[in-house]
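Asker: I have a structure I would like to understand better, so I am pasting it below and will then ask my questions one at a time.
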């Protein structure tokens, strides 16, 4: 009985980490996960985020009060022959991933 209770408690503690993970491949529409529309895909692995023609390094993650699934990052990017940096908000909820930068919010679903 004790083992059952402990495994249930530890299992429940692990749920928010899994639900809030930004790691993986995302797309603006689930049908775009197949690769037919790769320009709508976003891939996040470790501290790198890749778009169709650019790649960015995510640094300085800043937690937000009462928002454990979201963080602000400094992002240094390169692509199409140029480099740039910006601040970006990345978070998850029950619907998927949201990226907010330069005054625009974009939503993605997990592939």
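In mature numbering (1 follows the signal peptide of the UniProt record, and there is no 0), the protein residues as written are -19 to -1, 1 to 92. Note that CB positions come from ideal geometry on N, CA and C, so glycine has one too. Keep in mind it's a predicted model, so treat the numbers as computed, not measured.
Please work out which residues of its chain come closer than 6 Å, Cβ to Cβ, to residue 87, disregarding the five sequence neighbours upstream and downstream, and give them in chain order.
Answerer: The answer, listed in chain order, is 80.
Asker: Here's a check: name, in chain order, each residue in its chain whose Cβ is nearer than 7 Å to the Cβ of residue -17, leaving out the five neighbours to either side.
Answerer: Its pLDDT being 40, under 50, residue -17 is placed unreliably by the model, and nothing is read from it.
Asker: In the segment 7 to 48, which residue ranges form an unbroken beta strand (DSSP E) of at least 3 residues, counting only runs that do not cross its ends?
Answerer: List check, beta strand (DSSP E) in window: 22 to 26, 29 to 31, 35 to 45.
Asker: Between which two residues does the beta strand (DSSP E) harbouring residue 107 extend?
Answerer: Any answer about residue 107 is impossible in this case: the structure gives the chain only from -19 up to 92.
Asker: Are there 16 or more other CB atoms within 10 angstroms of the CB of residue 48, so buried, or fewer, so exposed?
Answerer: Answer is exposed; the Cβ neighbour count stays below 16.
Asker: Near residue 57, what residues of its chain come up, given a Cβ to Cβ distance below 6 Å and the 5 sequence neighbours on each side ignored?
Answerer: Excluding sequence neighbours, residue 57 sits near 38, 66.
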